[in-house]
Amino acid sequence: MSVEALYKVILYPFINESLASLTAMTNLVGEAGDAFVDNVDDFRFKGYAVCSEVTGGLDGVIMMHHYPETAIAIGNSVCEHMFEEKYQFTEINEDLSNALAEWGNTIVGRSTDLHGRYSLDYKFSSPYFVHDVNDMDKYLVGVKEVITVPISVNGVGRYYFNLLIRNVEYQSIGVKREASTGIANPHSKVLPSESKILLVDDSAMIRKALKRYLSQLGYSNVIEANDGAVAVTMVQQEQPDFMIMDVVMGEMNGDQALANIRANGSNVPVVMLSSVTDKALIERCQSYGISGFIFKPIQADTGAEIIKDYLKIAQ
């Protein structure tokens, strides 16, 4: 498979989605440069990366790769755009790690979902993060070729997409980017302001943002869970009136938690929230009974309005 074909098939959806998410989540503007082949022996870790393993017809790793200063600037911008507050962190701390993880997860989730809509002979792992230069050597074992695409961010610097290739067997298929929206709540009765709302997301940043949007709408009785398994227990113990729940989490994903909640006899209205827009996943959640599906990202300027549209229950 040629560099051009690999760029179009594997990298293009990631790059396109990263540029769209950069604008949506930070108000920054980026531009992709030309793809080129890196020398494997000269390839060096820049300091921070979001990675996903590629298996099947292509064996390798796709990496969204930053210098620390670029990661810090983008992380600050993600925080500012989500909370409408000025952030000026100078090193990657917990807040910036959460912000960068949310940005990276959104990009990888949307991109891998797009790939999954086609009959392609490769799959992607869940995203993970590399912070330690000493960890890089193990990712280069067996790598025969590195394809790199630089992304220039106006006023900030650069980050890079690298495709580390161990083996390729697949022949190219064109891929087109599709826009993702959301699935509306079909109900019409507004959720009473005194209702108890359970937020379920493994990202503390997302929970903080959602809680802020709910507060802006007059909802103050909000409880939180950081995993699907915790949510199952809290539904039984706390009897929430409404839930907003992420899909991809640690111990138990949101769709599994939803199945358990329904099996336990609860009919609490649930709105799902995720960057993963896989049709089969959405249909599975709908089969358990949901009151809508919000596709990330959501931001400070639109977050409260988006959430408001979903805070409805059956008459």
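With the first letter of the sequence shown counted as 1, position 77 gets the number 77 in full-length UniProt numbering; the numbers rise by one all the way through.
Note that beta-carbon positions come from the ideal geometry of N, C-alpha and C, so glycine has one too.
Because the structure is a prediction, the values reported are computed rather than measured.
Suppose the cutoff is 7 Å on Cβ atoms and the five residues either side in sequence are ignored; what does the same chain contact list for residue i look like?
i: Gly303; result: Ala209 and Tyr213
i: Glu80; result: Lys86 and Tyr87
Secondary structure at residue i, three-state DSSP: helix, strand or coil?
i: Asn134; result: helix
i: His81; result: helix
i: Lys211; result: helix
i: Gly265; result: coil
i: Leu19; result: helix
i: Pro68; result: helix
i: Lys176; result: Residue confidence is low: Lys176 scores 35 on pLDDT, short of 50, so the model does not pin down where it sits. Its coordinate-derived value is still stated next. In the structure shown, Lys176 sits in coil (DSSP, three-state: anything other than H, G, I, E or B).
i: Tyr128; result: strand
i: Leu217; result: coil
i: Val141; result: coil
i: Asn167; result: strand
i: Asn260; result: helix
i: Ile183; result: strand
i: Phe36; result: strand
In angstroms with no decimal places, state the Cα-to-Cα distance between residue i and residue j.
i: Asp95; j: Ala300; result: 17 Å
i: Asn167; j: Leu281; result: 30 Å
i: Arg284; j: Pro269; result: 16 Å
i: Leu28; j: Gly265; result: 46 Å
i: Ser287; j: Ile206; result: 26 Å
i: Leu311; j: Val222; result: 13 Å
i: Gln239; j: Ser195; result: 11 Å
i: Met252; j: Gly289; result: 18 Å
i: Arg44; j: Glu102; result: 25 Å
i: Ile92; j: Ala71; result: 8 Å
i: Val153; j: Ala20; result: 12 Å
i: Ala184; j: Asp309; result: 8 Å
i: Ser188; j: Tyr128; result: 40 Å
i: Val78; j: Thr26; result: 5 Å
i: Met63; j: Ser52; result: 7 Å
i: Val61; j: Gly47; result: 17 Å
i: Ile10; j: Ile307; result: 33 Å
Taking the alpha-carbon of residue i as reference, which of the options has the nearest alpha-carbon?
i: Ser126; options: Val168, Ile165, Lys138 and Val50; result: Val50
i: Leu164; options: Val141, Pro297, Ala259 and Gly155; result: Val141
i: Val108; options: Gly292, Pro13, Asn260 and Asp241; result: Pro13
i: Ile147; options: Asn76, Val37 and His65; result: Val37
i: Leu100; options: Val130, Asp42 and Thr112; result: Val130
i: His66; options: Leu11, Val133 and Val54; result: Val133
i: Gln256; options: Asn154, Glu145 and Gly228; result: Gly228
i: Val104; options: Gly75, Thr90 and Phe89; result: The sequence given here has Gly at residue 104, not Val. Out of Gly75, Thr90 and Phe89, Gly75 has the C-alpha closest to the C-alpha of Gly104.
i: Ser291; options: Val143, Pro297 and Ala314; result: Ala314
i: Asp59; options: Lys46, Phe124, Ala24 and Ala73; result: Phe124
i: Pro150; options: Ser52, Val143, Lys144 and Tyr160; result: Tyr160
i: Gly254; options: Leu191, Glu305 and Asp202; result: Asp202
i: Ile298; options: Glu84, Lys144 and Gly218; result: Glu84
i: Asn97; options: Glu145, Thr112, Pro68 and Asp113; result: In the sequence on display, residue 97 carries Ser and not Asn. Comparing Cα positions, the closest option is Pro68.
i: Asp278; options: Thr112, Ser215 and Ala73; result: Thr112
i: Ser193; options: Asp241, Lys144 and Val143; result: Asp241
Opposite residue i in the DSSP bridges: which residues?
i: Ser52; result: Ile62
i: Ala225; result: Val200
i: Lys312; result: Val190
i: Glu31; result: Ser152
i: Gly157; result: Val153
i: Met245; result: Val200 and Met272
i: Phe295; result: Ser274
i: Phe89; result: Answer is none; Phe89 lacks a bridge partner.
i: Asn98; result: Answer by DSSP bridge pairing: none, since Asn98 is not bridged.
i: Asn162; result: Met63 and Thr148
i: Tyr288; result: Bridge partners of Tyr288: none, in fact.
For residue i, which residues in the same chain have their Cβ closer than 6 Å to its Cβ, ignoring the five residues on either side in sequence?
i: Leu273; result: Ile244, Asp246 and Ile294
i: Leu22; result: Leu28 and Gly30
i: Asn260; result: Val232
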